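Presented below is the structure to which this report refers.
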Amino acid sequence: MEAVEMKSVSLKRPHSEDDVPSAEEIKRQKVSPKPKTGNDLGQSIQAVAEQPEKPLLEDMKNEVIPNEINEDQEDEELEDSDEDGDPESFADMMKHGLTESDVGITKFVSSHEGFSGILKERYSDFVVHEIGKDGRVSHLDDFSVPVDDEDPSEETFTVLSEEDKQRLEELQLLKNKETSVAIEVIEDTKEKRTIIHQAVKALFPGLETKTEDRDGKRFIIAYHAAGKKALANPRKHSWPKSRGSYCHFILYKENKDTMDAINVLSKFLRVKPNIFSYMGTKDKRAITVQEIAVLRITAQRLAHLNKCLMNFKLGNFSYKNHPLKLGELQGNHFTVVLRNISGTDEQIEQAMLSLREIGFINYYGMQRFGTTAVPTYQIGRAILQNNWNEVMDLILKPRPGAEKGYLVKCREEWAKTKDPAAALKKLPVKRCVEGQLLRGLLKYGMKNVISAFGIIPRNNRLMYIHSYQSYVWNNMVSKRIEEYGLRAVPGDLILKGATAVHVQEADVDNYTIHDVVMPLPGFDVIYPKHKIGEAYKEMLEADSLDISNMRHKIRDYSLSGAYRKIIIRPQNVNWEVVAYDDPRIPLFITDLDKLEGKPLPVLPTDGKFRALKMEFSLPPSTYATMAIREVLKMDTSIKNQTQLNTTWLR
1 MEAVEMKSVS
11 LKRPHSEDDV
21 PSAEEIKRQK
31 VSPKPKTGND
41 LGQSIQAVAE
51 QPEKPLLEDM
61 KNEVIPNEIN
71 EDQEDEELED
81 SDEDGDPESF
91 ADMMKHGLTE
101 SDVGITKFVS
111 SHEGFSGILK
121 ERYSDFVVHE
131 IGKDGRVSHL
141 DDFSVPVDDE
151 DPSEETFTVL
161 SEEDKQRLEE
171 LQLLKNKETS
181 VAIEVIEDTK
191 EKRTIIHQAV
201 KALFPGLETK
211 TEDRDGKRFI
221 IAYHAAGKKA
231 LANPRKHSWP
241 KSRGSYCHFI
251 LYKENKDTMD
261 AINVLSKFLR
271 VKPNIFSYMG
281 TKDKRAITVQ
291 EIAVLRITAQ
301 RLAHLNKCLM
311 NFKLGNFSYK
321 NHPLKLGELQ
331 GNHFTVVLRN
341 ISGTDEQIEQ
351 AMLSLREIGF
361 INYYGMQRFG
371 TTAVPTYQIG
381 RAILQNNWNE
391 VMDLILKPRP
401 GAEKGYLVKC
411 REEWAKTKDP
421 AAALKKLPVK
431 RCVEGQLLRG
441 LLKYGMKNVI
451 SAFGIIPRNN
461 RLMYIHSYQS
471 YVWNNMVSKR
481 IEEYGLRAVP
491 GDLILKGATA
501 VHVQEADVDN
511 YTIHDVVMPL
521 PGFDVIYPKH
531 KIGEAYKEML
541 EADSLDISNM
551 RHKIRDYSLS
561 GAYRKIIIRP
571 QNVNWEVVAY
581 DDPRIPLFIT
591 DLDKLEGKPL
601 PVLPTDGKFR
611 ALKMEFSLPP
621 STYATMAIRE
631 VLKMDTSIKN
641 QTQLNTTWLR
């Protein structure tokens, strides 16, 4: 098998800002190839008017392995503003971004000719089902609630007014000086009073209730029976000993990030997000199905949320004695639709057979490296070099490209004054990385950048050095495939259990390319014993780093390293080419469609368009876009999608 190199990519871009369609007009993108000769795999990207779902070809990353950071959460976790950025055209802004070749993504393993298709024309064209540690694929197929005699009646959830709930929450959390809350019983019957008593105790654990007569009116009085002690663990109250402490459920969500969904659930349930646990985060711009566990919240309360929440549903409830742990999953099963494909049946057959039989290069996808003119791996490199002024400069200095307006103003102020207080005033959102660093500089001073940088949450700090590791890995894997092709050779690394060993000349025929791993640089890994081992050393030396000393004086930034397979062969690969006329209709039914009894879409036998429906399963820490890249032979970088909707980065 011979590896195929990625050639240069040409783009059709607007000639001026005036030529760029508005955010409302740009509703989908098409990746179409220019005429190819030999292995010329250049593509151009064309915008086509479509329906309002956002057309986004973002990195659709499968969950990270437990000791890595899911850095694609940075925007969701640190930045929660939707302020508009500069109105400059997206095409002009993204000309400063990265291409795949900038981060070492240059090779293909298949020999078929690439073809065009629209990826994520609708977010509902991309569906992810989590695969649990027992190998079962998660599905939402049951809205029923486990029967429990101790659960309150359905009326419990509606008897209290929103004002009453607000006052009770403040009392429960001791947010004011009130020692009790009085709720007037308007329709005074024993049944009504009982329901109010039950509602307060069920919805606000830790509060007790009693009935009082005041001025001829009947009131339910809520109060803390044990004072502040009751607040320490309010969920321990009224929880049956026979019931598992954790309610497990399936979360079905559309166009929502996992953490966003959990934050919404927390607000509706009036609890902290940290009582939820999960095995991995899922993409925002997709339909995803995954298991969640929550501590001492009843299935009844969770099921009630289905009546008032948009874009996600909860079901398949059960009680268990354990939470979920990050990384416990076996992987994810993907169902993807590529619309308006141009490939012949023969091309598609070749591409999908290659994906099934050979697989794809296990590159870290573009999302790993950021979306602006300052890649995250550059900041990671500066951290490893112990060059803290460079770290500060890279994060805060003005940069060309796609950014929100307030960030541009903050950077300009920083460049002009080097005053963290003045720059911070330009930020309406203080939780972004820039805001965190500026607050740190304000607190610790300009001469203590290390402590200032330490204010940024640990996962986000580690994101930078993991990005650098990924950058090195991508480049080294491309060199490895260019040098030795798709076969195991003496000096390669393979895993025996958790231990990496070198392939010897005598047993090289016992291994294939699917056995070969490559190291992410660190102090606890070994390197190939051929030209690529030397290439690692040379690459790090060029970055003023010593491959034999990857320990950092700050323990958090010491890299132990890890091993990663260079080729991934997806499991359960299936595909089908279907015809359709209307680009707005779904081409398959979801779990929710099935529960709601929606019929299968009726598709014409000879429609105006053709779509490729593909399914495959991937292990953790792999990127679905890299699999799709191998099928289409296309560059997945944002830079090469210059006519995408400018709301893409929100």
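According to UniProt numbering, the sequence shown is numbered sequentially starting from 1. Cβ coordinates follow ideal geometry from the N, Cα and C atoms, glycine included. Keep in mind the model is a prediction, meaning the values are calculated, not measured.
Simplified DSSP state of residue i, which is helix, strand or coil
i: I589; result: coil
i: R301; result: helix
i: A415; result: helix
i: I361; result: strand
i: G533; result: helix
i: L396; result: helix
i: H514; result: helix
i: residue 729; result: For the chain, the structure presents residues 1 to 650; residue 729 sits outside this window and is missing.
i: D80; result: Because D80 sits at a pLDDT of 35, beneath the cut-off of 50, its placement in the model cannot be relied upon, and the point is left open.
i: T106; result: coil
i: M310; result: coil
i: K320; result: strand
i: V337; result: strand
i: I69; result: Unreliable positioning characterises I69 in this predicted model, as indicated by a pLDDT of 29, which lies under 50. A coordinate reading is not provided.
i: H466; result: helix
i: Y527; result: coil
Pairwise C-alpha distance: residue j and residue i
i: R431; j: L438; result: 10 Å
i: N316; j: V145; result: 8 Å
i: Q330; j: H139; result: 15 Å
i: R28; j: G380; result: Residue placement at R28 cannot be trusted, given a pLDDT of 35 that sits under 50; what the coordinates show is reported in the next sentence. Each residue's alpha carbon lies about 34 Å from the other.
i: G343; j: I532; result: 36 Å
i: Y377; j: E505; result: 36 Å
i: I494; j: A500; result: 6 Å
i: residue 682; j: T590; result: The chain is shown only over 1 to 650; residue 682 falls outside these bounds and no answer can be derived.
i: I526; j: Y623; result: 25 Å
i: A222; j: G454; result: 43 Å
i: R243; j: V508; result: 55 Å
i: R214; j: T258; result: 47 Å
i: R167; j: K267; result: 15 Å
i: P519; j: P570; result: 21 Å
i: P240; j: E163; result: 29 Å
i: I554; j: P457; result: 15 Å
i: M550; j: N387; result: 15 Å
i: M463; j: T371; result: 14 Å
i: N306; j: E208; result: 28 Å
Cβ-Cβ distance between residue i and residue j below 8 Å
i: L326; j: M279; result: yes
i: L545; j: A579; result: no
i: V147; j: L486; result: no
i: N340; j: F609; result: yes
i: K426; j: C410; result: yes
i: R564; j: V489; result: no
i: F360; j: A627; result: yes
i: S637; j: E254; result: no
i: E169; j: F204; result: yes
i: H129; j: N332; result: yes
i: V200; j: R193; result: no
i: L612; j: I568; result: no
i: G435; j: L424; result: yes
i: N389; j: V433; result: no
i: F523; j: S558; result: yes
i: A421; j: L442; result: yes
i: V289; j: Y252; result: yes
Burial state of residue i, where buried means 16 or more other Cβ atoms lie within 10 Å
i: N572; result: exposed
i: N474; result: buried
i: F143; result: exposed
i: L632; result: buried
i: I585; result: exposed
i: R528; result: What sits at residue 528 in the sequence shown is Pro, not Arg. Label assigned to P528: buried.
i: P428; result: exposed
i: D188; result: exposed
i: R136; result: exposed
i: V281; result: Position check: residue 281 holds Thr in this sequence, whereas Val was assumed. Buried, by the Cβ-count rule.
i: C308; result: exposed
Residue(s) in a DSSP beta bridge with residue i
i: G331; result: I131
i: N574; result: E615
i: Y580; result: F609
i: D213; result: R218
i: T499; result: K496
i: P428; result: None, per the DSSP bridge assignment.
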